[in-house]
Amino acid sequence: MFPEYDVLVVGAGHAGCEAAHAAAQMGAKVLLFTMDMTKVGQMSCNPAMGGVAKGQIVREIDALGGMSGIVSDKTMIQFRMLNRSKGAAMWSPRCQSDRARFAEEWRLTLERNPNIDFWQDMVVGMLIEAGKAVGVKTGMGQEIRGKSVVLTSGTFMNGIIHIGEKQFGGGRIGEKGSHGITEQLVTHGFEAGRMKTGTPPRIDGRTINYSIIEEQFGDENPSKFSYMDTPALTKQRSCFITYTNEKVHEILKTGFEKSPMFQGRIQGLGPRYCPSIEDKINRFADRDRHQIFIEPEGWDTVEVYINGFSTSLPDDVQFKALQSIEGLENAKMFRPGYAIEYDYFPPDQLKLTLETQLIENLYFAGQINGTTGYEEAACQGLMAGINACLKVQEKEPLILKRSDAYIGVLIDDLVNKGTDEPYRMFTSRAEYRIILRQDNADIRLTPLGYSIGLAGKDRYDKMQAKQASSEALIREIAHLKVKPEEINPALADINSAQIREKISIGTLLKRPEIDLACLSTMHESIANMLQNYTPEAQEQAEIFIKYETYIDKEQRMAEKLLELEDARIPANFDYEKVKALSSEGLQKMKKIRPETIGQATRISGVSASDVQILMIYMGR
Amino acid sequence: MHLYSKEDTIVALATPAGVGALGVVRLSGRHAVEIAQKFCKKKIAGKDSLLFFAKLAYPDTENILDEAMVSVYFAPRSFTGEDIVEFCCHGSSFILKELLRLILEAGARLAQAGEFTQRAFLNGRMDLAQAEGVADLIASDSSASHRLAMTQMRGGFSDKIKQMREDLIRLAALLELELDFAEEDVEFANRQELYTQNTQLAYAIEQLIGSYKLGNVMKHGFPVAIVGKPNAGKSTLLNALLDEDRAIVSSIAGTTRDTIEEQKNIGGIRFRFIDTAGLRETEDVIEKLGIERTLKKIQEAQLILYLFDMQDFSLEDLEEAKIQLEAYQIPYYFVGNKTDLLSEDSLKTWANIPQLMSISAQNKADIKALEAMLLTHIDQTPDHESQIILSNARHLSCLQNTLKALHTVRNTLDARLSTELIASDLREAVYHLGEIVGEITNNDLLDFIFSKFCIGK
Numbered sequence: 004m005f006p007e008y009d010v011l012v013v014g015a016g017h018a019g020c021e022a023a024h025a026a027a028q029m030g031a032k033v034l035l036f037t038m039d040m041t042k043v044g045q046m047s048c049n050p051a052m053g054g055v056a057k058g059q060i061v062r063e064i065d066a067l068g069g070m071s072g073i074v075s076d077k078t079m080i081q082f083r084m085l086n087r088s089k090g091a092a093m094w095s096p097r098c099q100s101d102r103a104r105f106a107e108e109w110r111l112t113l114e115r116n117p118n119i120d121f122w123q124d125m126v127v128g129m130l131i132e133a134g135k136a137v138g139v140k141t142g143m144g145q146e147i148r149g150k151s152v153v154l155t156s157g158t159f160m161n162g163i164i165h166i167g168e169k170q171f172g173g174g175r176i177g178e179k180g181s182h183g184i185t186e187q188l189v190t191h192g193f194e195a196g197r198m199k200t201g202t203p204p205r206i207d208g209r210t211i212n213y214s215i216i217e218e219q220f221g222d223e224n225p226s227k228f229s230y231m232d233t234p235a236l237t238k239q240r241s242c243f244i245t246y247t248n249e250k251v252h253e254i255l256k257t258g259f260e261k262s263p264m265f266q267g268r269i270q271g272l273g274p275r276y277c278p279s280i281e282d283k284i285n286r287f288a289d290r291d292r293h294q295i296f297i298e299p300e301g302w303d304t305v306e307v308y309i310n311g312f313s314t315s316l317p318d319d320v321q322f323k324a325l326q327s328i329e330g331l332e333n334a335k336m337f338r339p340g341y342a343i344e345y346d347y348f349p350p351d352q353l354k355l356t357l358e359t360q361l362i363e364n365l366y367f368a369g370q371i372n373g374t375t376g377y378e379e380a381a382c383q384g385l386m387a388g389i390n391a392c393l394k395v396q397e398k399e400p401l402i403l404k405r406s407d408a409y410i411g412v413l414i415d416d417l418v419n420k421g422t423d424e425p426y427r428m429f430t431s432r433a434e435y436r437i438i439l440r441q442d443n444a445d446i447r448l449t450p451l452g453y454s455i456g457l458a459g460k461d462r463y464d465k466m467q468a469k470q471a472s473s474e475a476l477i478r479e480i481a482h483l484k485v486k487p488e489e490i491n492p493a494l495a496d497i498n499s500a501q502i503r504e505k506i507s508i509g510t511l512l513k514r515p516e517i518d519l520a521c522l523s524t525m526h527e528s529i530a531n532m533l534q535n536y537t538p539e540a541q542e543q544a545e546i547f548i549k550y551e552t553y554i555d556k557e558q559r560m561a562e563k564l565l566e567l568e569d570a571r572i573p574a575n576f577d578y579e580k581v582k583a584l585s586s587e588g589l590q591k592m593k594k595i596r597p598e599t600i601g602q603a604t605r606i607s608g609v610s611a612s613d614v615q616i617l618m619i620y621m622g623r
Numbered sequence: 002m003h004l005y006s007k008e009d010t011i012v013a014l015a016t017p018a019g020v021g022a023l024g025v026v027r028l029s030g031r032h033a034v035e036i037a038q039k040f041c042k043k044k045i046a047g048k049d050s051l052l053f054f055a056k057l058a059y060p061d062t063e064n065i066l067d068e069a070m071v072s073v074y075f076a077p078r079s080f081t082g083e084d085i086v087e088f089c090c091h092g093s094s095f096i097l098k099e100l101l102r103l104i105l106e107a108g109a110r111l112a113q114a115g116e117f118t119q120r121a122f123l124n125g126r127m128d129l130a131q132a133e134g135v136a137d138l139i140a141s142d143s144s145a146s147h148r149l150a151m152t153q154m155r156g157g158f159s160d161k162i163k164q165m166r167e168d169l170i171r172l173a174a175l176l177e178l179e180l181d182f183a184e185e186d187v188e189f190a191n192r193q194e195l196y197t198q199n200t201q202l203a204y205a206i207e208q209l210i211g212s213y214k215l216g217n218v219m220k221h222g223f224p225v226a227i228v229g230k231p232n233a234g235k236s237t238l239l240n241a242l243l244d245e246d247r248a249i250v251s252s253i254a255g256t257t258r259d260t261i262e263e264q265k266n267i268g269g270i271r272f273r274f275i276d277t278a279g280l281r282e283t284e285d286v287i288e289k290l291g292i293e294r295t296l297k298k299i300q301e302a303q304l305i306l307y308l309f310d311m312q313d314f315s316l317e318d319l320e321e322a323k324i325q326l327e328a329y330q331i332p333y334y335f336v337g338n339k340t341d342l343l344s345e346d347s348l349k350t351w352a353n354i355p356q357l358m359s360i361s362a363q364n365k366a367d368i369k370a371l372e373a374m375l376l377t378h379i380d381q382t383p384d385h386e387s388q389i390i391l392s393n394a395r396h397l398s399c400l401q402n403t404l405k406a407l408h409t410v411r412n413t414l415d416a417r418l419s420t421e422l423i424a425s426d427l428r429e430a431v432y433h434l435g436e437i438v439g440e441i442t443n444n445d446l447l448d449f450i451f452s453k454f455c456i457g458k
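Line by line, the protein sequences give chains A and B. If you want my numbering, it's the position in the first sequence, counting the first as 1, plus 3. If you want my numbering, it's the position in the second sequence, counting the first as 1, plus 1.
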């Protein structure tokens, strides 16, 4: 009934969809498992993609040839470039999505790919032979064989949902959980843990008094995620901002004695940066209000998402508290917020390819690795799909370095540091923030995506044209000089210092108060020059010139640290032999088996002394 | 650090070679106890450190070599983190040589220089800065340099650096907050506050860098240049200070054609006295060269003693010398020589002039007063008893890099550049500071943010 597949993907969320698409696009025969064909590409939490650091990841996925950017562009209802007031490295795209259309677009995208087959059932176990994954077992009892398996279980493995004192099994509200896989893998030596996350109530938008709360509009000139020609937004929907107050807090406190979190019924650790509302009022008792974002769920639906109000308090308490928020006095609730606990496997059991160390050809991606967020999941799915496929094709794996991409930072952090709380990406996790920008993800990654057969020729050509054009512009800018009398009056207008002799406009461009747009208004020759270049090329050139010192500095730093990355530790290195290592360092290095000294420096529990000792041992 | 096999048991004489009342032989490594037991007549047992009296005999005989105090420390609670046995023997070079021979025959090997400390470091008994402190401690031969090395070995210096690093991380976290959580409803640190904190940190690091001169002085001696006209008696003064005939002394002007440097320990502080060629106009090529070298040498000094012959010097000469000396920008004192040849009346001419004292180098009169004055001068330099002092060139370079990064932070703040650029410079500062104690940057920034601010929707 089933042919032998190259890659079996278990789960069709953000990680599973990207994994299936990437492997199929690279030529693998893929079978995608989902418990419910109508739930492919679900946004289980807020209807939005991107944000600070996350938006950069979506751009990187797109640059490599993944689909999250394109699906987001086609289904977004609002776009904002966050951190606009800061430098280019901080600009972070974010969109509000139409939840239903987003899921539909993913499903159609996958259905269009002839290399992808679907099977709707629960996967209850792996087929493991001689330490290798060779297929999966389904709830109906089929054994389906594949050369590799990518497991993307999200919150489904032994998921338990909590609302106040109510507690029931499930992977998302209204959906069954999955059972069997954790138990089986633990018998194979895997370490498993529990994590917790939560989601806020959804309410009826028709019952909100929008006239008394603040409206948050999309950008005037909305941008997008994909480097390809996806359609631009022509109309947008707004979000709204309101606040909790002391009365809301008092009502919420009445539910504390029934709170599964405070009463210890939830054991898994939740994310500190995405706390529930009860956690916020408990930990930051001095704050008399907390911000609430009201986000529409789509173009047409009346359902709205109450961002900032994640809670697992009893539903009646949630409802009463909601109605005490300004603008929500008459709110009708569609469904309450809830907390969910689920199994994950601490990610220090993985290789940098996301293949597990214990079982060959088995890959993990997404929340199963202890991460949170659609973008984090999607990029892991992409990398797991790529590497599973490359392995089947007997090619070299693709491992992104920390200086290549946020995706590289994420996987490197997971594997080397592990995580106890759901891991979310922040820009501060990246050492090379000024290099890893959303505007240059294509230049950084499209050549890699193209070389493995994921990014298409059209994408590669587009990137090359942009790069060539921006380099030409940089040269032109360096050579174009202006005389004091030509430019000084214009400089005076914007309170910028006068020049005394002829200088290159590149020098002027380095001033914080001056950008290309403003230069083009100052002098006709500049405006004429810029006419020959696309906005993307102009942006690249401008950023490169303005941040040259910092870009250089980070590149030098990255190269310096790469020396340690080149110091390879033999695969069979016997750490026990090195008596001098601290016991924690020894344990961690035996577990993670770093491939290089550089990787060893980032393993949590490995001290600086351990690394120096290792270097002495290896004669460096 | 050079790489030696860490499997071996190593041995060395722990007290200097030569005859002393006692001699200590130190043995460290996995087989230390086993080897010691071969000639120690008492049974070594237990897990806690031991100190006992025992007869040492040639293996498998009753021929006694010596009677010794034996200390045993068990891994990991020992200096090196391995088993250590120390024999405190009588200080006969024969006994010590025989004992070493026996130990070597029993399977130990002679330790390389610094190998005990290297093992202590490798076994995690100390961090890099502490290990560097031990090396200094062993080399220290004045009480000041000893004190300095002790502070460093005990970790006082590392603690100070770690504290500074934490301060920097706190500062950086405030910037990261703005970058990663711009959408959050939290208050961001104002620029003025960042500026002030940055300035304070830069100041603390500057202080530490400033202490390098003093730290270096304590390690290598406090350099004092003795200058003056030919035949003022500079070499005689040096001899008087050292109590020996080191410099060639004659009354022919220009005898000392080159600089002569001698060290003396005064009140626990090591001084390096630099006797210089007399400064005068000369046609003699060799003497000219000497004078050039002298001028260079003076630049290295931290104190100048300007010596003059009181018989042959006027108050005008003194004023002129003052102008010359000011040019060096180094503290100086005038020392009037040859009190023995001066009348009571002429002596009065030189009384009550600030920064001046008179001596007779020939008769060694008032040399003690001169020494006391030198010590007072050292005491007036910043309080080095309580303060952490920098004495290591590697640390200096790391701190200078940190300071450079902090200065860039100040400039970027001034220029109102974008936050991520300021953050980039701050990260560089954290990196360089971390290099000293070998800290690895981890999630410190985020941990700080989450503990202080209400983040998250």
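For every residue, glycine included, the Cβ atom is placed at its ideal position computed from N, Cα and C.
Cβ proximity to chain B below 8 angstroms picks out Lys-420, Phe-429, Thr-430, Ser-431, Arg-432, Glu-434, Arg-436 and Ile-437 from the segment 417-451 of chain A. DSSP links Tyr-432/B through a beta bridge to no other residue. With a cutoff of 8 angstroms on beta-carbon distance, Ala-603/A and Ile-554/A are scored as not near each other. Secondary structure at Pro-224/B: strand, using DSSP grouped into helix, strand and coil.
Proximity of Gly-373/A to chain B, defined by a Cβ-Cβ separation below 8 angstroms, is not satisfied.
Close CB contacts of Trp-351/B within its chain, under the 8 angstroms cut and outside five residues either way in sequence, are with Met-311, Gly-337, Leu-357 and Ser-359 (chain order). For Met-84/A, the enclosing beta strand (DSSP E) covers residues 79-85. Residue contact check for Asn-285/A against chain B: no CB pair falls below 8 angstroms. Here the segment 94-105 of chain A makes no contact with the segment 119-126 of chain A; the two share fewer than three CB pairs at distances below 8 angstroms. Counting of Cβ neighbours within 10 angstroms places Ile-354/B among the exposed residues, the total staying below 16. Between Glu-421/B and Gly-90/A, the C-beta gap is smaller than 8 angstroms, which places the two residues in contact. Counting only residues of its own chain and dropping the five nearest sequence neighbours on each side, Gln-187/A has a CB closer than 7 angstroms to the CB of Gly-128 and Met-129.
A distance below 7 angstroms between beta-carbons, with the five flanking residues on each side excluded, links Ala-370/B to the following residues of its chain, in chain order: Met-358. For the options Glu-539/A, Lys-486/A and Thr-449/A, the alpha carbon positioned closest to that of Glu-474/A is the one of Glu-539/A.
By the rule that beta-carbons nearer than 8 angstroms mark a contact, Pro-96/A does not touch chain B. Asn-364/A and Leu-355/A have their alpha carbons spaced roughly 13 angstroms apart. The bridge partners DSSP lists for Ser-507/A are Lys-484/A.
Here the alpha carbon of His-293/A sits roughly 8 angstroms from the alpha carbon of Lys-283/A. The C-beta of Leu-180/B comes closer than 8 angstroms to at least one C-beta of chain A. Residues of the same chain with a CB within less than 8 angstroms of the CB of Lys-484/A, apart from the 5 flanking positions on each side, are Lys-505, Ile-506, Ser-507 and Ile-508 in chain order. Contact with chain B is absent for Lys-57/A, since none of that chain's Cβ atoms lies less than 8 angstroms from the residue's Cβ. A contact between stretches requires three or more CB pairs, one per stretch, nearer than 8 angstroms, and the segment 232-239 of chain B meets this requirement with the segment 326-345 of chain B. Under the three-state reduction of DSSP, Glu-8/B is assigned to coil, being neither helix nor strand. Any Cβ of chain A closer than 8 angstroms to the Cβ of Arg-417/B would place that residue at the interface, and such an atom is present. The C-alpha of Ile-595/A lies about 16 angstroms from the C-alpha of Phe-367/A. For Pro-225/A, no alpha helix (DSSP H) segment is defined, and its DSSP state is neither H nor E. Identification of residues in the segment 515-535 of chain A having a C-beta nearer than 8 angstroms to some C-beta of chain B yields Pro-515, given in sequence order. Within the segment 517-548 of chain A, the alpha helix (DSSP H) runs of at least 4 residues that lie entirely inside it are, in chain order, 519-525 and 527-533.
Taking Val-412/A as the centre and dropping the five residues before and after it, the same chain places the C-beta of Arg-405, Arg-432 and Ala-433 closer than 7 angstroms to its C-beta, in chain order. Taking C-beta atoms as the reference points, Thr-314/A and Gly-273/A fail to come closer than 8 angstroms. For Phe-337/A, the enclosing beta strand (DSSP E) covers residues 336-338. Around the beta carbon of Met-40/A, a 10 Å sphere encloses fewer than 16 other beta carbons of the protein chains shown; the residue is thus reported as exposed.
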